Amino acid sequence: MLLRKIVPALAVIVAAVLAAPATAAVAAPDRPAASTDRSAADPAAPAGERVTSTAAEIAAAAAGNPVIVVGGLSGIASAYGPLASRLRVDGYRVWVYQLPNLGLGDIPTSARAFSSFVGQVRASTGAAKVDVVAHSEGGLVSRYFIKNLGGTSSIGRYVSLGTPQYGTYVANIVKFLGLGSCAGIVACQQMSIGSSFLTGLNSGDDTPGTVRWTAVRTIQDELVRPVDNAKLADGATNVLIQSACPLRVVGHLGLVLDGTTYTVIRQALRDQPIRPNCFAL
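Count the sequence shown with the numbering used here and you get residues 2 to 282, in order.
Shown next as structure tokens:
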């Protein structure tokens, strides 16, 4: 057991010594017309991008859309503090939104509350649009707001982290074990594969409006199974962390804290090509 843990770590260290990070400075192309899986980074540039931002990039972020970090099921606001701090260091104006009742209740109801919060942020900043970085259930809440509550006019970029866009077997397993219908948790019922909520949400266009859609997933996600249910269709940029960085171990909660994942978030918010930095802390 110890050997299995040590070998991957040594492999990462050796790779870091032998490979120098490359910089991605090419402007992003227009939003693709068809679904695109940007899982694999340029193999000649495994490290992707700079770890630090330039003064010009920080100034651009400060003048750009405010960013709302949307929490997931049972995710308290403080858990997203490190991600918010990274974004602020890069110049972004950041708010953290904790789901009502920690996301245990009805997702459309949470989306209506989120709609009001978006309006408050826009009013306080004077911004026409905000960008959203949403973890787990927060991605469904945000997407419901965009798709069904008129949010296409107020969201510029949408980045989901481990969101069960097409449901998860984990929610179904709770029912299988005899613990009731998701142990009475409404949001859990709605995130089960084949739920009426997801059937409605996934009917028609996955990615409406002019929003730039990015969906990030990880092979080691313990809660979203199958992992590819975290993908979106219809023009979204889908990113599998391990396609670019096969030795990177990132769990469901780790997507919020992981340095490589953060480089993907930053690139998505900057409309840059997705080239994850495999060695980012």
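The beta carbon of each residue, even a glycine, is placed where N, CA and C say it ideally should be.
Everything numeric in this text was worked out from a predicted model, so none of it was measured.
Judging by CA-CA distance, which residue of the options is the nearest neighbour of residue i?
i	options	result
Val160	Val251, Tyr93, Ala184 and Ser137	Ser137
Gly140	Asp207, Gly92, Gly120 and Pro83	Asp207
Gly163	Arg276, Arg113, Trp96 and Gly72	Gly72
Ala281	Leu270, Thr261 and Arg271	Thr261
Ile59	Arg89, Gln273 and Gly76	Arg89
Val142	Pro165, Val122 and Val217	Pro165
Thr55	Asp91, Thr200, Asn66 and Ser79	Asp91
Ile266	Gly252, Val250, Ser244 and Asn239	Asn239
Ala80	Gln243, Pro67, Ile69 and Gln99	Gln99
Leu84	Asp259, Ile242 and Asn278	Asp259
Leu241	Gln273, Gly205 and Cys279	Cys279
Asp107	Pro274, Asn230, Leu199 and Cys246	Leu199
Leu74	Ala57, Phe177, Gly82 and Pro101	Pro101
Lys232	Ala216, Ser244, Ala245 and Pro277	Ala216
Cys246	Arg276, Ser197 and Phe118	Arg276
Leu254	Ile69, Val52, Gly76 and Val68	Gly76
Phe115	Phe146, Arg123 and Ser125	Phe146
Arg123	Pro109, Pro67, Arg271 and Asn173	Pro67
Val70	Thr53, Pro274 and Phe118	Phe118
Thr110	Gly120, Ala172 and Asn149	Asn149
Gly65	Gln121, Thr126, Val52 and Gly82	Thr126
Ser204	Asn173, Gly120, Ser244 and Tyr167	Tyr167
Asp272	Thr53, Val52 and Ala61	Ala61
Pro274	Gly252, Val250, Ala237 and Val251	Ala237
Asn230	Leu178, Gly195, Thr53 and Leu180	Gly195
Go to residue i, then tell me how far its beta strand (DSSP E) extends in each direction, as first and last residue.
i	result
Asn102	It is not in any beta strand (DSSP E) - Asn102 carries neither H nor E in the DSSP assignment.
Thr215	Arg213 to Arg218
Ile186	Careful: Ile186 lies outside any beta strand (DSSP E) and carries neither H nor E.
Val68	Val68 to Val71
Val240	Thr238 to Leu241
Can you round the beta-carbon distance between residue i and residue j to whole angstroms, since I take them to be within the 8 angstroms contact cut?
i	j	result
Arg87	Ala63	That belief does not hold up - the Cβ atoms of Arg87 and Ala63 are roughly 15 angstroms apart, past 8 angstroms.
Leu105	Val187	7 angstroms
Thr169	Leu224	6 angstroms
Leu248	Thr219	Between Thr219 and Leu248 the Cβ distance is about 13 angstroms, and since that is not below 8 angstroms, they are no contact.
Val97	Ala128	17 angstroms between Cβ atoms; not a contact.
Leu202	Arg144	7 angstroms
Val228	Asp235	With 8 angstroms as the limit, Val228 and Asp235 do not qualify as a contact, their Cβ atoms being about 19 angstroms apart.
Cys183	Ser197	14 angstroms between Cβ atoms; not a contact.
Ala269	Arg158	6 angstroms
Val171	Arg113	26 angstroms between Cβ atoms; not a contact.
With respect to the alpha helix (DSSP H) encompassing residue i, which residues constitute its N-terminal and C-terminal limits?
i	result
Asn173	Tyr170 to Phe177
Ala234	First-last for Ala234: undefined, no H or E at that position.
Ser86	Gly82 to Val90
Phe198	Ser197 to Leu202
Thr208	Run containing Thr208: none; DSSP gives neither H nor E here.
Val285	With the chain covering 2 to 282 only, the question about residue 285 has no answer from this structure.
Arg267	Gly260 to Leu270
Within the 8 angstroms Cβ cut-off, does residue i reach chain C?
i	result
Gly82	In the displayed structure, chain C is absent; only one protein chain is listed.
Sequence ranges, alpha helix (DSSP H) only - wholly within the stretch 97-167, length at least 4: 108-126 and 138-149
Does the stretch 200-218 come close enough to the stretch 152-159 to have 3 or more Cβ pairs within less than 8 angstroms? yes
For the stretch 182-198 and the stretch 118-136, state whether three or more C-beta atom pairs, one from each stretch, are separated by less than 8 angstroms. With the cut-off at 8 angstroms, the stretch 182-198 and the stretch 118-136 do not touch.
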